[in-house]
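Under the numbering used here, residues 1 to 504 are what the sequence shown spells out, in order. Quick reminder that beta carbons are idealized off the backbone N, C-alpha and C, glycines included. Below is one structure, written out as structure tokens; the observations come after it.
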Amino acid sequence: METIAPSQASIFVIFGGTGDLNRRKLVPALYNLFLDDCMPSKFSIIGTGRSTLSDEEFRQKLLDGINKFSRSGKADPEKWKTFSSNIFYQVSHVSDTEAYKEFGKRIQRHEKEWNQKACVIYYMAVSPNFFPVIAENIAKSGLANDPEHCRIVVEKPFGNDLESSKSLNKLLTGIFTEEQIYRIDHYLGKETVQNIMAFRFANSLFEPLWNRNYIEHVQISVTEQLGVESRGDYYDNAGALRDMVQNHILQLLCLIAMEPPGSFSADEVRSRKVDVLRAMRKFTPEDIRHSAVRGQYAKGWIEGEEVVGYRQEDKVDPKSNTETFAAIKFFVDNWRWQGVPFYLRTGKRLHQSSSIVTIQFRDVPHYIFPPEAIESWQQNRLIISIQPEMSIRMQVQAKKPGLDMLLNTVEMVFDYKSSYTSYTPEAYETLLLDTMIGDQTLFMRGDQVEAAWELLMPILTTWANKKSMSFPNYSADSWGPELAEALIAKDGFHWFALPLNGKK
């Protein structure tokens, strides 16, 4: 890995240190950065939690997580020994003010031992209702008094609606500067998501075509085969709009629709994303009826295994009105995109797990070929696959081999696996490294979060106040409710799914 390790010593204080996020994602990511020489020479990881554990017991739990979830496989004993010597555990509750004083003492001891100031990163890997308590106690304990050497990382969801988002922003910016706040969305750390900007702005070929004159419509599909698993209590208070659309999917839309930034600086890039959100057409009650579809999955079969419906899932209200599927048609009202529909869909218990952006170009203005030559004619498409495969495909028309002039669709494919022999870093590796070096490009700014909530609030309010009489309205292993097909079909289009492993 060519990235240069941060030069400044770093201390991570991870609230929720015994939780799944830390075990599955954060420490495996930090360990992989360590293996790739991308951690500073001086660092410390302090995990916190209510369980009574020794440092060694805590390290063993994290080692189990690395062995199970790290992309690099089981930890090398010697390298783990070196890495884990920098891991510590402190029993504490987020509301215990004395514990924060102990954090301060630990930080001072490390800085004295290292003979240098450290960048202290407070990571809130806990339930969102603890965010305000932690931030306020950090401030009360004097741990936020040095803005130059203090950062706070906030996991999603950032608020539950517009008002709670504004309230949390107000609280955090009353303690920290905007430059200290890292609102993390792991989707933005994915390699293919980052590549959207490179693909658009590093190639002169596409930018002249990237507008309403040449692009007919855009689709963004983030679909999952999984149900809510063990997250029923969280998901039943969130739903597909809050869980996926407000953050992940709108972020993808902003990357596709944004104007070219003047530079690659964090504020410049993020300002262009906010411009997109502010230009998006606001929803009226009539728009919601015609342009937004919700669904909830029923029981069915997934890959030969029978699965229950959403209302039968653990910790879900048997009469739940929560949507597990959403499909929405958006418009960006500006010069570049006026009149171009952006179709977004996401859902659980669908036929395929994938994240795909499809850009369909307008048809040729005049057909010069005879009818028999264009029986299988298809408009040009650019398909950006984020997962499970990472690829960019350009679908164009070409002549089939033979004596007759017959056209069919062929693909020009850039595939990460075949193009690069080096590994692809996990999203959290990229984002944690950016946090240490102070690069906020891939993190959401406060006004961006609020603009996303503001856009979706009319739909959220309408759906919450009007109980769906049709739930459940799609079966497991389908592509969602029929109305989602009608949403796009009435405009003359259809949802696109990338064939994977021979399936479509």
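Residue environment analysis places Gly262 among the exposed positions, since fewer than 16 neighbouring C-beta atoms fall within 10 angstroms of its C-beta.
Remark: C-beta atoms of Ala118 and Ser7 do not approach each other more closely than 9 Å.
The alpha-carbon of Glu191 is positioned some 8 Å away from that of Pro425.
In this structure, Ile220 sits away from Val340, with a CB-CB distance that is not shorter than 9 Å. In the DSSP assignment, Ser167 falls within the unbroken alpha helix (DSSP H) covering 162-175.
Secondary structure note for Arg393: its beta strand (DSSP E) is the uninterrupted segment 391-399. Annotation for Leu250: Ala452 place their beta carbon closer than 6 Å to its own, counting only its chain and skipping 5 residues before and after. If you check the CB distance, Phe131 and Val449 do not come in under 9 Å. With contacts defined by Cβ atoms closer than 9 Å, Thr18 and Ser70 do not form a contacting pair. Residue burial is scored here from C-beta neighbours: Glu98 has fewer than 16 other C-beta atoms within 10 angstroms and is therefore classed as exposed. The stretch 32-46 makes no contact with the stretch 469-479: fewer than 3 CB pairs, one atom from each, lie closer than 8 Å. With distances taken between CA atoms, Val13 lies nearest to Val120 out of Leu277, Val120, Pro77, Lys112. In the structure shown, Cys38 falls within a coil segment according to DSSP collapsed to helix, strand and coil. Counting C-beta atoms within 10 angstroms of its own C-beta, Met412 has fewer than 16 neighbours from the protein chains shown and is therefore classed as exposed.
For Asp415, DSSP records a beta bridge to Ser391. DSSP lists Leu350 as the beta-bridge partner residues of Ser478.
For Met457, there is no enclosing beta strand (DSSP E); the residue is part of the alpha helix (DSSP H) that begins and ends at 446-465. When beta bridges are read from the DSSP output, Asn408 appears opposite Ala398.
Here Ala484 is buried. Its C-beta has 16 or more other C-beta atoms within 10 Å.
Counting C-beta pairs with one atom in each stretch, the stretch 76-86 and the stretch 123-130 have fewer than three that are closer than 8 Å, which means they do not touch. Listed in chain order, the beta strand (DSSP E) runs fully inside the stretch 36-116 are 43-49, 87-91, counting runs of at least 3 residues.
Inter-segment contact for the stretch 193-213 and the stretch 379-399 is present: three or more beta-carbon pairs are separated by less than 8 Å. Of the candidates Asn213, Leu255, Tyr214, Val245, the residue whose Cα lies closest to the Cα of Phe199 is Leu255. Here the alpha carbons of Ser265 and Leu403 stand approximately 54 Å from one another. DSSP assignment within the stretch 325-389 yields the following whole beta strand (DSSP E) runs of 3 residues or more, N-terminal first: 325-331, 341-347, 354-361, 381-387.
Put simply, of Ile184, Leu30, Gln387 the residue whose alpha carbon is nearest the alpha carbon of Val193 is Gln387.
Assignment of Tyr182 by DSSP, reduced to helix, strand and coil, places it in the strand class. Assignment of alpha helix (DSSP H) within the stretch 241-275, counting only whole runs of 4 or more residues, yields 250-257 in chain order. Judged by DSSP secondary structure, Ser291 falls within the alpha helix (DSSP H) whose first and last residues are 285-291. Rounded to the nearest angstrom, the gap between the Cα atoms of Lys315 and Asn211 is 45 Å.
For Asp447, same chain residues with a beta-carbon under 8 Å away, outside a window of 5 residues either side, are Val274 in chain order. The beta carbons of Gly227 and Tyr310 sit about 7 Å from each other, so the pair counts as a contact at 8 Å.
DSSP places Tyr122 in no alpha helix (DSSP H) but in the uninterrupted beta strand (DSSP E) bounded by 119-124. Collapsing the DSSP output to three states places Arg151 in a strand.
Selection Ser355, Gly295, Gln225 evaluated against Val307 yields Gln225 as nearest (Cα-Cα).
Contact annotation: the stretch 23-34 touches the stretch 429-444, with at least three C-beta pairs closer than 8 Å.
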